[in-house]
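Structure, as structure tokens:
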Amino acid sequence: MTAVDDKTWLEVGTLDEIPRQGARVLKREGGDIAVFRTAADEVFALLNRCPHRGGPLSEGILYGRNIVCPLHNWCLDLASGEAKEPDEGCAPAYATRIEAGRVFVCTEPN
Amino acid sequence: MNKERLVLVGNGMAGMRTIEELLKLEPDLYEITVFGAEPHPNYNRILLSPVLSGEKTIDEIILNSRDWYAEHGITLHTGDPVEHIDRRKRLVRSRFGLEVPYDRLILATGSNPFIIPVPGADLPGVLGYRDIADVEAMIETARGFKRAIVIGGGLLGLEAAYGLQQQGMEVTVVHLLDTLMERQLDKPAAALLKASLEKRGLTFLMEAQTAAIQGRDRVESVRFADGSEIATDLVVMAVGIRPNMALAQSAGIHCERGIVVDDTMLTYDARIYAIGECVQHRGQCYGLVAPLFEQAKVCANHLAKLGYGRYQGSVTSTKLKVTGIDLFSAGQYQGGDGCEEILFQDPGAGIYKKLVIRENRLAGAVLYGDTIDGAWFFQLMREATDISAMREDLLFGQAHLGDSGHGGQTQAALMTDEMQVCDCNGVCKGEIVKAITSKGLFTLEDVKLHTKAAASCGSCTGLVEQILASTLGSDYSTPEAKPICTCTDYSHDQVRAAIREQHLTSLSDCFEKLDWRRPDGCHVCRPALNYYLISTWPAEAIDDSQSRFVNERVHANIQKDGTYSVIPRIFGGETSPAQLRAIAEAAEKYAVRSVKITGGQRIDLLGLTKEQLPHIWKDLTDAGFVSGHAYGKSMRTVKTCVGSQWCRFGVQDSTKMGIELEELTWGSWTPHKFKLAVSGCPRNCAEATIKDFGVVAIESGWELHIGGNGGVKVRATDVLCRVTTPEQVKEYCGAFMQLYREEARYLERTAPWVERVGLAYIKKRIVEDEIGRRAFYKRFLESQKQAQVDPWKERAAGAEAHEFTALKQVNG
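Those protein sequences? They're chains L and R, same order as listed. The working numbering runs 130 ahead of the 1-based position in the first sequence. The working numbering runs 72 ahead of the 1-based position in the second sequence.
In structure tokens:
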């Protein structure tokens, strides 16, 4: 890990703390980040604001690698943050990695 | 491993829809080759009429561009029809000599226009009306010539006539019978149509049999059986289509009127499927697009080796695609033995409606001039709904079932492109029409997805369906039984039956046993499945919180800014100074931003953060409150008036009745929200007649009401029955709720459910069948044992703590 990495990668907790097919929130001043865990135990992170009307994505229903915003049912790709057609928009995505059950989020967007 | 080879003969809508459905299921199973006789990629044949009338261009009706074929790795040969099938070697040979081997073959050769075998039928200037080449020839003729005769006063003939007239020609329609569109219309409706088309400048020659087409180098006139003649420059034969089965016949595949297929769309050769207008299924040939799409789904299901799809025939409906004329017909519109007819005629306003009823079910309909309810009538037909309870109002349509709904337009044809259709999302007619044609949409679901019209409250659904129907014309109809979502082909009713019969108790069971396409479903099916599981097996099924909408998972209502509102239960709407004090103190302590009295007589505390919820619940539950479930597809509130305890008019104690009903029913999950009210006398101050279950006190006891709604579309309740004691009220209420819980589809309110299954059915189950009612009530009470555990108290005590705390907090 380089010095730059030390600044941007943040340990947020363990995989067990995030419900499967659910999300938890990393609260921070620059905008909360939703940290998602899929049914296959992959972890993704998006800015917790739907590009449509700012809904909290962490509260949506997660399936496959998709999250559906609870306010107006926009569906976003967890990896890219892109809205599914025909809707248009994108939530900033953050890199994640899991090491020995501990979850890290890169706090600089991709 | 080499992929299996799939060859499609016929690059039209039916065949390509099969390929599209197959790609959705199994994108990589086959190496696909497509042969088409026409030089174009797949286009929307049902939009040929707007191309002829100049309302659209050919480019606008292309469904799959050449790029699309390339992107999906499909080899496309256009302008090169297959002329030979070698079933022994399993290969096809095209006109230009291409030989392509197959493991599976689909025949989608469509149909040919029927050309009447009269002398001169082969003269230049005599056309069918079937493909782009015909339309191009007609438009070309209209540039240099003036007069046209269309033989055939059916759907296709009238559309051709109208289109030619729009191109500037003088058109005479010649029809063998005395009634236009006799396969879709009865005489009065046909007469209205004829008058309207005559007003637009078309000429009709009825009961005329064509004897010969005359001319030297090209058509010059038509002679009829009675010896009369009409001069013309163009003859369009639109007297019907014949399944194109020449190729199949030459390969020795069994054909009758069409290529004979079974319920899996397989021909007599187990490697060869046939689909679309070329097939004969259970003795029936179809010429409309909706049945073809249903067939495509089934065929794709088998090609993808899923092996459970079955095509069982289609009920079809018809619309004429002539701008400004609204016409709809479906089912057995002619009536007959054992049928009754309900008629409405207003020739001055150009409106005619006929409903044909058999054994209390709608068997057919003809609508002229006002077709807004076409889709609804069609649904009643397909669902075989018992209409005896709404018979008097049926003809006036869904919007008139006793009530008034949200206003808005009712006749799509009269609307300009700028007029708003969807008042929730601000979508105009023009946007919808444009999306349907430019994006190749065929279903209501497609339109909702692309335009958002009818995607919120749904009250404009009928209007959107009407626009869809008038844009797509004769070929639009809704599919037989709608699947829950794109994860499956099974409908709500089929899934629920499987859960019961196969004793499925978890989501993963359902996904596995019912061959779900996505391994963990989607946001549409998961909440539905979860509901079906817990309502069918209340003591065994695992309630999956991640498959519940946020409000039900968090037990509060999410607001537009991501905060939540909290509504404590106040049984029967009767409160006390102590309760109000506790609510006031909680509201101040947590700096609630708004305090609001709800429509259901409860108190709403708004603007709480998620983290605050367990804390305020602790204070409220300590003061004796339980959750108000104002956030769920669940029993919401029992609204009451004061009743005989105080009111000088009251005849029963409605408040006490309301409290007892709320104590009985709170906490129960239902397919959609469920509201009750109890009024103390027939003045009905608690508005019980717009509730899912309403109780109105009468001198001799209680009158029970069901299926009301005061929301999107106002619907007054139907009277279920009268009873005498509070115990009976509770038994009927619990039994009715349980019937609703067990049989209504997820997200179906009681109002549309009662309309769908019919009041007579509900009376039969709840009023007439005493043993059945008791059994329902018993199951309801059984289920309530699991349901009446206060979710707030559990969470205030620490349950699901992860839900209400941040994973981590950082600065900067």
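We put the beta carbon where it would ideally sit given N, CA and C, even for glycine.
Can you find the residues in the same chain that come closer than 6 Å, C-beta to C-beta, to residue i, ignoring five residues on each side of it along the sequence?
i      : result
R/A816 : P743, W825
R/H326 : V332, Y340
R/L831 : A461, D790
R/D305 : F217, R219
R/E552 : Confidence is the limiting factor: at R/E552 the pLDDT is only 49, short of 50, which leaves the residue's position unreliable, though a coordinate-based value still follows. Taken in chain order, the list of residues that qualify is empty.
R/Q367 : M337, I347, Y383
R/Y818 : A600, Y603, P743
R/G704 : E624
Note down, in chain order, every chain L residue with its Cβ under 8 Å from the Cβ of residue i.
i      : result
R/R590 : Y193, G194
R/R598 : I191, Y193
R/Q618 : P149, R150, Q151, G152, I191, L192
R/G593 : Y193
Can you pull the chain R residues whose beta carbon is under 8 Å from the beta carbon of residue i, in chain order?
i      : result
L/R232 : The contacting residues do not exist; L/R232 stays about 12 Å from chain R at best.
L/A169 : P591, D592
L/V165 : L879
Given a cut-off of 9 Å on the beta-carbon distance, is the pair residue i and residue j in contact?
i      : j      : result
R/T443 : R/Q538 : yes
R/R77  : R/P173 : yes
R/L680 : R/A628 : yes
R/A570 : R/K585 : yes
L/G143 : L/R227 : no
R/I834 : R/L811 : yes
R/Q673 : R/I642 : yes
R/E820 : R/R851 : no
R/G779 : R/A760 : no
R/I688 : R/L677 : yes
R/K501 : R/D518 : no
R/V596 : L/P200 : no
L/D207 : L/S188 : no
R/I91  : R/A372 : yes
R/I838 : R/F876 : no
L/P149 : R/S619 : no
Closer than 8 Å by C-beta to residue i: which residues in its own chain qualify, once you throw out the five before and the five after it? Chain order, please.
i      : result
R/A193 : I187, I285, M309
L/L145 : R167, D171, V173, I228, G231, R232, V233
R/G479 : Because the pLDDT of R/G479 is 45, which lies under 50, any placement of that residue in the model is unreliable, and the number read from its coordinates should be weighed accordingly. Answer for R/G479: no residue qualifies.
R/L264 : P419, G422, Y424, Y440, G441
R/C805 : L733, L736, T737, L748, F765, V767, L776
R/G108 : G82, N83, G84, N114, L148, H149, T150, G151, D152, P153
L/D217 : H182, W204, C205
R/A659 : V667, L677
Go through its chain and collect everything with a Cβ distance to residue i's Cβ below 7 Å, but skip five positions before and after it.
i      : result
R/I313 : S183, N184, P185, F186, E349, G359
R/K511 : H522
R/M729 : V750, V767, P798, V801
Residues of chain L with a CB under 9 Å from the CB of residue i: which are they?
i      : result
R/A878 : R154, V155, L156, K157, D162
R/N883 : R158, E159
R/K632 : R183, G184, G185, L201
Could you tell me the distance, in whole angstroms, from the CA atom of residue i to the CA atom of residue j?
i      : j      : result
R/Q417 : R/D409 : 23 Å
R/N116 : R/L540 : 14 Å
R/D475 : R/I655 : Caution is warranted here: a pLDDT of 44 is assigned to R/D475, below 50, making its placement in the model unreliable, and no coordinate value can be reported.
R/S300 : R/E270 : 21 Å
R/V164 : R/D258 : 46 Å
R/V222 : R/K554 : 39 Å
R/S542 : R/I118 : 11 Å
L/P222 : R/A873 : 28 Å
R/E612 : R/T577 : 7 Å
R/G593 : R/C557 : 9 Å
Between residue i and chain C, is any beta-carbon pair separated by less than 9 Å?
i      : result
L/L140 : Of the protein chains in this structure, namely L and R, none is chain C.
So which residues of chain L does residue i contact, with C-beta pairs closer than 7 Å?
i      : result
R/L521 : P216
R/H874 : E147, P149, R154
In chain R, what lies closer than 9 Å to residue i by C-beta?
i      : result
L/G219 : Those do not exist, as L/G219 stays about 14 Å from chain R at its closest Cβ, beyond 9 Å.
L/G143 : L879, K880
The region 242-250 of chain R / the region 375-391 of chain R touching (three or more Cβ pairs under 8 Å): The region 242-250 of chain R and the region 375-391 of chain R do not touch, with fewer than 3 CB-CB distances between them shorter than 8 Å.
Segment contact flag, the region 755-773 of chain R with the region 797-816 of chain R, C-beta cutoff 8 Å, min 3 pairs: Under the 8 Å Cβ criterion, the region 755-773 of chain R counts as touching the region 797-816 of chain R, having at least three qualifying pairs.
Three-pair Cβ contact test at 8 Å for the region 430-438 of chain R versus the region 278-292 of chain R: Using a C-beta cut-off of 8 Å, the region 430-438 of chain R makes no contact with the region 278-292 of chain R, since fewer than three inter-stretch Cβ pairs fall below that distance.
Cβ contact check for the region 187-203 of chain L and the region 637-650 of chain R: 3 or more pairs under 8 Å: By the Cβ criterion, the region 187-203 of chain L is not in contact with the region 637-650 of chain R, since fewer than three pairs of Cβ atoms, one from each stretch, lie closer than 8 Å.
Cβ contact (3+ pairs, closer than 8 Å) linking the region 685-702 of chain R and the region 849-869 of chain R: Yes, the region 685-702 of chain R touches the region 849-869 of chain R.
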